[in-house]
Each structure stands twice: as C-alpha cells, then as structure tokens.
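Trainee: According to the numbering used here, the sequence shown is numbered sequentially starting from 3.
Below is the structure I would like to discuss, written out as structure tokens.
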Amino acid sequence: MEALLAGLPGPLRLPFAVVLWSVSGGPRPHANDRVRAQVGNDTWGRALLDLGLGFQEQFAGRPTASEESFARALRGFRTTGDRWGMANCLDPLGMFADSRGEHRRALELLDEGLSYIRELAAPEETSDLLRTRATVLLHQGELAAAKEHFGQALTLARTVGLADKVAGALRGLGDAARLAGDTGHARVHYESALESCAANWFSVGETVRILIGLGRSAAAEGRLDEARDYARQATDLAVESPGVLELAESAEALAALVGSPERAAVLLGAAVGLRGAAPLGDPEAVRIERDIREKLPPEAYEKAFGQGRALGAAALTDGSHHRQEPR
Numbered sequence: 003m004e005a006l007l008a009g010l011p012g013p014l015r016l017p018f019a020v021v022l023w024s025v026s027g028g029p030r031p032h033a034n035d036r037v038r039a040q041v042g043n044d045t046w047g048r049a050l051l052d053l054g055l056g057f058q059e060q061f062a063g064r065p066t067a068s069e070e071s072f073a074r075a076l077r078g079f080r081t082t083g084d085r086w087g088m089a090n091c092l093d094p095l096g097m098f099a100d101s102r103g104e105h106r107r108a109l110e111l112l113d114e115g116l117s118y119i120r121e122l123a124a125p126e127e128t129s130d131l132l133r134t135r136a137t138v139l140l141h142q143g144e145l146a147a148a149k150e151h152f153g154q155a156l157t158l159a160r161t162v163g164l165a166d167k168v169a170g171a172l173r174g175l176g177d178a179a180r181l182a183g184d185t186g187h188a189r190v191h192y193e194s195a196l197e198s199c200a201a202n203w204f205s206v207g208e209t210v211r212i213l214i215g216l217g218r219s220a221a222a223e224g225r226l227d228e229a230r231d232y233a234r235q236a237t238d239l240a241v242e243s244p245g246v247l248e249l250a251e252s253a254e255a256l257a258a259l260v261g262s263p264e265r266a267a268v269l270l271g272a273a274v275g276l277r278g279a280a281p282l283g284d285p286e287a288v289r290i291e292r293d294i295r296e297k298l299p300p301e302a303y304e305k306a307f308g309q310g311r312a313l314g315a316a317a318l319t320d321g322s323h324h325r326q327e328p329r
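Listed below in structure tokens is the structure:
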C-alpha cells in the first residue's frame, strides 16, 4: 500500500485510500508532506489529514497541538457532513476533556459521537466510543455503569472479530473490577485481555496497560515484588512503542512501587514531561502524586519532579534502551 501511494503524484481521486494506508501500517510522520499534496484542497481529505496529525501529536506527547488538530478535523468533517469522521474526532476530544477533569464535557462530546456512529450502525467505532465513555465513568467513580459500557464494547468488538478492541474492553472490565476491590476477577479479565492482543503495532499500548493493571492488582494484594515485575515488563515494552503515552503510564505505575520518594517524584516528572500535561482527570494518577508529595518536603519534591520532567524517557531506562525524544 505504501509503495502504491508513494507513486501517485497528484491529488487523489479517492482520498479515502489514505485511511487504508494508515490503518495497515500505523503513523508515518515522514510522509505528511506527500499526503498533504496528494489530498490537495479536498475538504474531506484535509480533515482526514488533520485527524491523522492529531494522533501523531498525541503519540509524541504534544497534547495542545494534538487537540487543535482534532478540532480542525472536526470542523472539516462537519463541513462535509461526514458522521464517521466527526465521531472519530469527538472520541479523542472527549479523552482530552476527561484528562483535564472536565468529565461532563467529555461525556457530551462522546455522546455526540455515539449519536453519529449509531446512525451508521458501525460496531467497531461504537465499541471505541463506549470504551472511552466507560473510562470517563471510571474516573467519576461510577463503576457499575463503566462495567456495563465495557461489556457492551466487548460484545461489539467480538461481533466484528477485532482482537485488540476485545483486549481493550476486557482490560477495562479488569480496571472496573480492580477499582471495586475484586482483584481476583480483575486478574481473570487482564489475563484474558493479554491473550486477545494481536501481534501488531496497535497492540503495544494495550499490552502495556494490561501489564500495568496486573501490577496494580498484585500491589493491592500485597505482592509487591510481582507488582514491580509487571511494571518493569510494561516499561520494557513501552520503550519499543511508537509513541510516548505508554512510557508515561509506565512511569506512573513504577512511581507507586519504588522505595525512594525522590525516585518516585523523578518518575512522575518524567510521566508529565512525556505526556505533555498532568492527568488531572485520572483519580489513580492524582492519588499517586498526592502520596508521594506527602513523603517529601515541597522543595525536594519539585526538584526531583523537575529532573524527571527534563529527563523524559531517560528517567525510566538503565542505559540498555535508547529512544530519541520527540522535538
């Protein structure tokens, strides 16, 4: 697919071919200029390019630029009336609102997206939006509603045979069970999710989050060595991922488990530096930060946090991994 598109010089007569290209191989920032020329002045094609740029910026830990790209894409898709495009923008825009703690706004955006995608009877995208909506509900502490949403997302993902979407819904059910104190059922869901992950670039982030969930379940049961092992596995895998969000989540998971408060603060700083913002809408991340702050004088915490933010990915590695930071 890449070789085929690379050989087309002018504006594409069927710009939706770019969707097939991106899905088949993942993000390719080096090809942005060529794709921009290929979509030309086509409004839908430009919106599609902005949608892709939004994900690229998100993977690189640039949330402001990412959200702006998704907002531009949404305007373009609104102009053309493309419900699929609008829904695919509203999903990440809802996630950004949730990350700031704007849970009500997040649900409004996601519900708008669901209204469009249900008109299309598109099970994959419906599953995606339900899973994101469930995550917002988890952050609000509405565990029963979140569990119901994850269950619906799982059924839809299984209907269309999407292994990674199945894994994501199972992982969500694991999170809901763990937060409800049922670590036994949480482990069952996480292990089932791990078995469902496909061997492709989509699966890396999901596998990292499953390992983090298994680690947090082990920690809740007092098995700290096992929890640290899962966190290290998540970090090792995240180092090889195409983006930085997985590394940020791994850093937060490690921060809750290391013995040194200074080291924990460094890891939290690295997480914020990688992600580009603090996850204010995630109660678990907020709790981890609060617990670490309580163990250090304010000056010591800020110093260690600043060191971690400057180090980024290097704060997680021991020299055996090498990763170029996004500019």
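All C-beta atoms in this analysis are idealised placements derived from N, C-alpha and C, irrespective of residue type, glycine included.
Keep in mind the model is a prediction, meaning the values are calculated, not measured.
Using the Cβ count rule (16 or more neighbours within 10 Å means buried), how would you classify P263?
Mentor: Numbered from 1 along the sequence shown, position 261 holds the residue referred to as residue 263. So P263 ends up on the buried side.
Trainee: Indicate the three-state DSSP secondary structure (helix, strand or coil) for R64 in the structure shown.
Mentor: Start at 1 with the first residue of the sequence shown, and residue 64 comes out as number 62. Note: R64 maps to coil in three-state DSSP.
Trainee: Would you list, in sequence order, the uninterrupted alpha helix (DSSP H) runs of no fewer than 4 residues that lie entirely inside the region 116–197?
Mentor: 125–141, 145–162 and 165–181
Trainee: At which residues does the alpha helix (DSSP H) containing P94 begin and terminate?
Mentor: Taking the sequence shown and counting its residues from 1, the one referred to as residue 94 is at position 92. Where P94 is concerned, the enclosing alpha helix (DSSP H) stretches over R85 to S101.
Trainee: Whole angstroms are fine: how far does the CA of A73 sit from the CA of V45?
Mentor: Locating residue 45 in the sequence shown gives position 43, where the first residue counts as 1. Locating residue 73 in the sequence shown gives position 71, where the first residue counts as 1. Before going on, a small fix: residue 45 reads as Thr here, not Val. Approximately 14 Å between the Cα atoms of the pair.
Trainee: Could you check which residue in A316, M88, E242 and E291 has the C-alpha nearest to that of A257?
Mentor: Stepping through the sequence shown from its first residue, residue 257 is reached at position 255. Residue E291 is the option with its Cα nearest to A257.
Trainee: For R225, report the span of its alpha helix (DSSP H) as first-last.
Mentor: Position 223 of the sequence shown holds residue 225. Premise fails: R225 is in no alpha helix (DSSP H) and is neither H nor E.
Trainee: Residues in its own chain within less than 7 Å of G176 by CB, not counting five upstream and five downstream?
Mentor: In the sequence shown, residue 176 corresponds to position 174, counting from 1. Once the five neighbours on either side are set aside, the close Cβ partners of G176 are A188, H191, Y192, A195 and G215.
Trainee: If you drop the 5 nearest sequence neighbours on each side, which residues of the same chain put their C-beta closer than 7 Å to that of R80?
Mentor: Taking the sequence shown and counting its residues from 1, one reaches residue 80 at position 78. Only M88 meet the Cβ criterion.
Trainee: Nearest-angstrom Cα distance between A253 and L270?
Mentor: For the purposes of this step, residue 253 is taken as residue 251 along the sequence shown, with counting starting at 1. For the purposes of this step, residue 270 is taken as residue 268 along the sequence shown, with counting starting at 1. One C-alpha to the other measures close to 6 Å.
Trainee: Using alpha carbons as the reference points, say which of R234, A240, G217 and A148 lies closest to S205.
Mentor: For this step, residue 205 is matched to residue 203 along the sequence shown. For S205, the closest alpha carbon among the candidates R234, A240, G217 and A148 is that of A240.
Trainee: Check this for me: beta carbons of L139 and A155, under 8 Å apart or not?
Mentor: Translated into the one-based positions of the sequence shown, residue 139 becomes position 137. Translated into the one-based positions of the sequence shown, residue 155 becomes position 153. Their beta carbons are not under 8 Å apart, which means L139 does not touch A155 by this criterion.
Trainee: Do you know offhand how far W86's Cα is from L145's?
Mentor: Indexing the sequence shown from 1 puts residue 86 at position 84. Indexing the sequence shown from 1 puts residue 145 at position 143. Going from the Cα of W86 to the Cα of L145 covers about 29 Å.
Trainee: Locate the alpha helix (DSSP H) running through S252, then write down its first and last residues.
Mentor: For this step, residue 252 is matched to residue 250 along the sequence shown. S252 -> alpha helix (DSSP H) spans L247 to A257.
Trainee: According to DSSP, simplified to helix, strand and coil, what is S243?
Mentor: Residue mapping note: residue 243 aligns to position 241 of the sequence shown, counting from 1. Here S243 sits in coil by DSSP.
Trainee: Could you please give the first and the last residue of the uninterrupted alpha helix (DSSP H) stretch that includes V260?
Mentor: Position 258 of the sequence shown, counted from the first residue, corresponds to residue 260. Unbroken run through V260: none, as it is neither H nor E.
Trainee: Following the continuous alpha helix (DSSP H) through E348, name the residue where it begins and the one where it ends.
Mentor: This structure cannot settle anything about residue 348, because the visible part of the chain is limited to 3 through 329.
Trainee: Alpha carbon to alpha carbon, what distance is there between G310 and L259?
Mentor: Here the question's residue 259 lines up with position 257 in the sequence shown. Here the question's residue 310 lines up with position 308 in the sequence shown. Rounded to whole angstroms, L259 to G310 spans 16 Å at the Cα level.
Trainee: Going by DSSP, what residue range makes up the alpha helix (DSSP H) through A312?
Mentor: Counting from 1 along the sequence shown, the entry for residue 312 is found at position 310. Per DSSP, A312 belongs to the alpha helix (DSSP H) from P300 to L313.
Trainee: Would you kindly work out how many angstroms separate the C-alpha atoms of L95 and G56, rounded to a whole number?
Mentor: Taking the first residue of the sequence shown as position 1, residue 95 is located at position 93. Taking the first residue of the sequence shown as position 1, residue 56 is located at position 54. Spanning the two alpha carbons is a distance of roughly 10 Å.
Trainee: As a quick exercise: from D238, T161, Q142 and E59, pick the residue whose alpha carbon is nearest that of A123.
Mentor: Taking the sequence shown and counting its residues from 1, one reaches residue 123 at position 121. Considering only alpha carbons, the answer is T161.
Trainee: To the nearest angstrom, how far is the alpha carbon of A312 from that of V288?
Mentor: Counting from 1 along the sequence shown, the entry for residue 312 is found at position 310. Counting from 1 along the sequence shown, the entry for residue 288 is found at position 286. Rounded to whole angstroms, A312 to V288 spans 21 Å at the Cα level.
Trainee: Less than 8 Å between C-beta atoms, sequence neighbours within five positions excluded: which residues of the same chain meet that for G63?
Mentor: Counted from its first residue, the sequence shown places residue 63 at position 61. Once the five neighbours on either side are set aside, the close Cβ partners of G63 are G245, V246, L247, A250, G275, L276, R277, G278 and P328.
Trainee: Are the beta-carbon atoms of S129 and A165 separated by less than 8 Å?
Mentor: Translated into the one-based positions of the sequence shown, residue 129 becomes position 127. Translated into the one-based positions of the sequence shown, residue 165 becomes position 163. Not in contact: S129 and A165 (Cβ atoms no closer than 8 Å).
Trainee: Which same chain residues, not among the five before or five after L92, have their C-beta less than 6 Å away from its C-beta?
Mentor: On the sequence shown, residue 92 is found 90 positions in, with the first residue counted as 1. The beta carbon of L92 sits closer than 6 Å to those of L111, E114 and G115, all from its chain and outside the five residues before and after it, given in chain order.
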